[in-house]
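Below: one structure, written as structure tokens.
In my numbering, the protein residues as written are 334 to 714.
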């Protein structure tokens, strides 16, 4: 690894120092008095990443304006992949949170990659707690869908460096080359931000049931006007039994204005089983159905073996999109991962991925199977 970028070296040193001198919990300012109970907190999540990707197939535009499966050269990069700063304030049953997110900070990736260090507000909402059974949240926040959609910005803290393809489409699916530049023709299998939500938790003996019901009012398009023709809405439930079994279901529907696919409906199901602590088995399935085009779907199986300060895991991921020139051939990803926790708030992780195109007719051997290495240093306070 060649550290020719002083900014990145400086960030790495800063993260190491920060991780070893700060606690894992939020830094909080408590202003409680006899008549007032107010506190202010600050959290940060940082993920510094190195990646190598071999040559892979990718959809590209032909000189005649059509589309073909071409080859994207192998690349490597080093970057501060995620930087999130969370500011929260609490007073009795009222809580307010603002989540600033920055992506690809100081990256030496090709400059067509979006959001090179540009900070943006990922979440900003207020929440009032009536009871454990009923809470209300309003503003802009990540939609509860599947295991990780509402916490995907800190997923590497407790799982893998690379998110399952349900939440983070692979580069050769989420991008295509048009006019010599990379564009993003498809999004994740999970919904966008929500704006109003009712949620809560109910307990009975050793069983816990959590529910979320939410609405999204859409977004403004860059050309003006509403991007969503009507309100999107969805929900999620999660049943937990003594932290040994978790079963969840998610759903969301929206009709985007002028979208050729028509009304979209997302459905998901997930399960986590702790067989013999700490052996964990997890699986998730998501399908996106559309009124005017074929459905796409993805699923994965995960097993982890946390032992003391180590985490070893295996994951298998499958993805198919009949409307995509490459992904209609079906792609699978095999992952072997290993992590080590220096402190409760600082971890290092490494992963090796093998990708295979199942229907590889007409593809060369080096395009039908390709690999990737990801290394990450993660800290939080």
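Even glycine gets a Cβ: it sits at the ideal position worked out from N, Cα and C.
For residue i, which option in the options has the closest C-alpha, if you only look at C-alpha atoms?
| i | options | result |
| --- | --- | --- |
| residue 420 | 454, 589, 710, 384 | 454 |
| residue 546 | 540, 539, 538, 534 | 534 |
| residue 699 | 690, 707, 431 | 690 |
| residue 576 | 685, 542, 704, 501 | 542 |
| residue 500 | 693, 652, 694, 640 | 652 |
| residue 459 | 530, 370, 692, 704 | 530 |
| residue 375 | 433, 386, 627 | 433 |
Can you tell me whether residue i is buried or exposed, with buried defined as 16 or more other CB within 10 angstroms of its CB?
| i | result |
| --- | --- |
| residue 406 | exposed |
| residue 695 | exposed |
| residue 703 | buried |
| residue 591 | exposed |
| residue 463 | exposed |
| residue 538 | exposed |
Take residue i and list the residues in its own chain whose beta-carbon comes closer than 6 Å to its own, dropping the five residues that flank it on each side.
| i | result |
| --- | --- |
| residue 583 | 478, 479, 569, 601 |
| residue 422 | 373, 429 |
| residue 729 | Lying outside 334 to 714, the shown extent of the chain, residue 729 is not represented and no answer is given. |
| residue 355 | In this prediction, residue 355 scores a pLDDT of 49, lower than 50, which makes its location untrustworthy; no coordinate-derived value is stated. |
| residue 687 | 667, 704 |
| residue 565 | 549, 587 |
| residue 635 | 615, 648 |
| residue 380 | 414, 415, 489, 709, 711 |
| residue 573 | 541, 579 |
| residue 701 | 690, 693 |
Return the chain-ordered list of same chain residues with a C-beta closer than 7 Å to the C-beta of residue i, the five sequence neighbours on each side being excluded.
| i | result |
| --- | --- |
| residue 502 | 519, 521 |
Under 8 Å, do residue i and residue j count as touching if we go by C-beta distance?
| i | j | result |
| --- | --- | --- |
| residue 484 | residue 682 | no |
| residue 506 | residue 496 | no |
| residue 629 | residue 663 | no |
| residue 644 | residue 402 | no |
| residue 486 | residue 378 | yes |
Within a Cβ cutoff of 8 Å, which residues of the same chain sit near residue i, ignoring the five residues on either side of it in sequence?
| i | result |
| --- | --- |
| residue 625 | 593, 594, 595 |
| residue 719 | Past the edges of the chain, shown from 334 to 714, lies residue 719, and the structure says nothing about it. |
contact_flag[the stretch 413-429, the stretch 395-405] where n(CB pairs < 8 Å) is 3 or more: no
Taking three-plus beta-carbon pairs below 8 Å as touching, is the stretch 697-714 in contact with the stretch 668-683? yes
Counting beta carbon pairs with one atom in the stretch 464-478 and one in the stretch 517-526, are three or more of them shorter than 8 Å? yes
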